[in-house]
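For what it's worth, our numbering labels the leading residue of the sequence shown as 1, then goes sequentially.
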Amino acid sequence: MSFLDNIKEVPITDFAERIGFTTVRKGNKYVSLKEHDSVMIDTYKNCFWRNSKYTRGSKGAAGSIIDFAMEFNGAADHKEAMRQIALMYGIQGEQEAKVSFNKVEKKKTTTLPPLPPKEDVKLDFPAKDKDSEDVYNYLSEERCIDKAVLRYFFNKRMLYQDRHKNCVFVTQHFCCVRSTGEKKFVQDKPGCDYNECFYFQGKKDNDTLIVAESVIDIMSVMTELCHKKKMFINYDYLALSGTGKLMSVKYHTDKNPIYKNVILCYDNDEAGRNAIASTKESLKDTNIKVIVCQAPSGKDWNDYIVLKKMSSR
Numbered sequence: 001m002s003f004l005d006n007i008k009e010v011p012i013t014d015f016a017e018r019i020g021f022t023t024v025r026k027g028n029k030y031v032s033l034k035e036h037d038s039v040m041i042d043t044y045k046n047c048f049w050r051n052s053k054y055t056r057g058s059k060g061a062a063g064s065i066i067d068f069a070m071e072f073n074g075a076a077d078h079k080e081a082m083r084q085i086a087l088m089y090g091i092q093g094e095q096e097a098k099v100s101f102n103k104v105e106k107k108k109t110t111t112l113p114p115l116p117p118k119e120d121v122k123l124d125f126p127a128k129d130k131d132s133e134d135v136y137n138y139l140s141e142e143r144c145i146d147k148a149v150l151r152y153f154f155n156k157r158m159l160y161q162d163r164h165k166n167c168v169f170v171t172q173h174f175c176c177v178r179s180t181g182e183k184k185f186v187q188d189k190p191g192c193d194y195n196e197c198f199y200f201q202g203k204k205d206n207d208t209l210i211v212a213e214s215v216i217d218i219m220s221v222m223t224e225l226c227h228k229k230k231m232f233i234n235y236d237y238l239a240l241s242g243t244g245k246l247m248s249v250k251y252h253t254d255k256n257p258i259y260k261n262v263i264l265c266y267d268n269d270e271a272g273r274n275a276i277a278s279t280k281e282s283l284k285d286t287n288i289k290v291i292v293c294q295a296p297s298g299k300d301w302n303d304y305i306v307l308k309k310m311s312s313r
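Structure follows, in structure tokens:
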């Protein structure tokens, strides 16, 4: 194997324990950290994410063992992270690690990851800016969200602009922030309830729940409904902030027995496909009809409506 492959072969759980963390088993597949209970490690895929952050890559909070070393062991960049791991495990070039570690035996499973515990703090809402012009322009021009959808979000007070010109998406139980500038920044605020996630009802007694990975994906699906002259208020909506909180779907279907249909609008990638399989598995013993509705093209629903608008110009 290559040097990079040998680095990525090292289990994150083993590395975490060697740098002083205490691992906590969360079922057959997942492990968390006693010191950081928002961290979830997928031992089968050897990757991790942090439920309070979703910025990937440099100094981010998701990814491989290299990203983990940057997040938790002070590595300044990917190069330094790989050097730390190589020195710790005696990895040189294409030679396998000299320090032994136990490889995880993978079992076929569609078990959903457990929801992280709700932080025992008050939900942190960022201070509002004097207006929402930057957010409105960003979502309408760059993200191609229909103006009717934007009006709906503003009128329902589910969207505003903070003093840093970020989009702030809010419900009673959830708050997430997304940058409008070139530098990508996405964050769930402390105090979010991951059972609820970003959930809202279009109108009373709807029997269909639409689920997507992000709020902007939900807004994009609503935009597509506008394009098709359909009433988006005829559906309820759930944005999960990624695929790490899939149990929220089961939580809402149990809480709302009126639901007959769940429409899954996950991303067109491996994580999205895995999320579809896991969500179907979690609902298999119910009478709910699960409908898969991924974007016809592009990575996700927002990618699709942006590309569609660009091609129509």
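For each residue, glycine too, the CB sits at the ideal point set by N, CA and C. This one's a predicted model, so the numbers in the text were calculated from it and none came from an experiment.
Indicate the three-state DSSP secondary structure (helix, strand or coil) for residue i in the structure shown.
i: Cys315; result: Residue 315 lies beyond the residue range present for the chain, which begins at 1 and ends at 313; the question has no answer from this structure.
i: Gln261; result: Note on residue identity: the sequence assigns Asn, not Gln, to residue 261. Strand, per DSSP.
i: Arg273; result: helix
i: Leu123; result: coil
i: Ser220; result: helix
i: Ser100; result: coil
i: Phe169; result: strand
i: Thr279; result: helix
i: Gln92; result: coil
i: Lys53; result: Because Lys53 sits at a pLDDT of 45, beneath the cut-off of 50, its placement in the model cannot be relied upon, and the point is left open.
i: Ile7; result: helix
i: Asp303; result: helix
i: Phe200; result: strand
Based on Cα-Cα distance, which residue from the options lies nearest to residue i?
i: Val168; options: Phe232, Ser214 and Asn206; result: Ser214
i: Lys230; options: Tyr89, Ile91 and Ala148; result: Ala148
i: Tyr152; options: Asn274, Ala16, Val306 and Met219; result: Met219
i: Ile7; options: Phe101, Met40 and His36; result: Phe101
i: Met158; options: Ala97, Cys197, Gln84 and Cys144; result: Cys197
i: Arg178; options: Gln172, Lys165 and Pro190; result: Lys165
i: Glu224; options: Val292, Cys176 and Trp301; result: Trp301
i: Asp205; options: Pro190, Gln172, Cys144 and Thr253; result: Thr253
Kindly indicate the opening and closing residues of the beta strand (DSSP E) around residue i.
i: Cys144; result: Counting along the chain, Cys144 falls outside any beta strand (DSSP E), and DSSP gives it neither H nor E.
i: Leu238; result: Asp236 to Ala239
i: Val24; result: Thr23 to Lys26
Whole angstroms are fine: how far does the CA of residue j sit from the CA of residue i?
i: Ala271; j: Asp134; result: 31 Å
i: Asn46; j: Asp77; result: 19 Å
i: Phe232; j: Asp303; result: 19 Å
i: Tyr199; j: Asp217; result: 13 Å
i: Asn195; j: Gly63; result: 23 Å
i: Tyr89; j: Pro11; result: 11 Å
i: Asp67; j: Asn73; result: 10 Å
If I follow the unbroken alpha helix (DSSP H) through residue i, where does it start and stop?
i: Phe48; result: No alpha helix (DSSP H) contains Phe48, which is instead part of the beta strand (DSSP E) from Cys47 to Arg50.
i: Met247; result: Met247 to Lys255
i: Met40; result: Looking at the DSSP string, Met40 is not in any alpha helix (DSSP H); the run it does join, the beta strand (DSSP E), is Val39 to Asp42.
Which whole-angstrom value is the C-beta distance of residue i and residue j, which I expect to be below 8 Å?
i: Ile276; j: Tyr266; result: 6 Å
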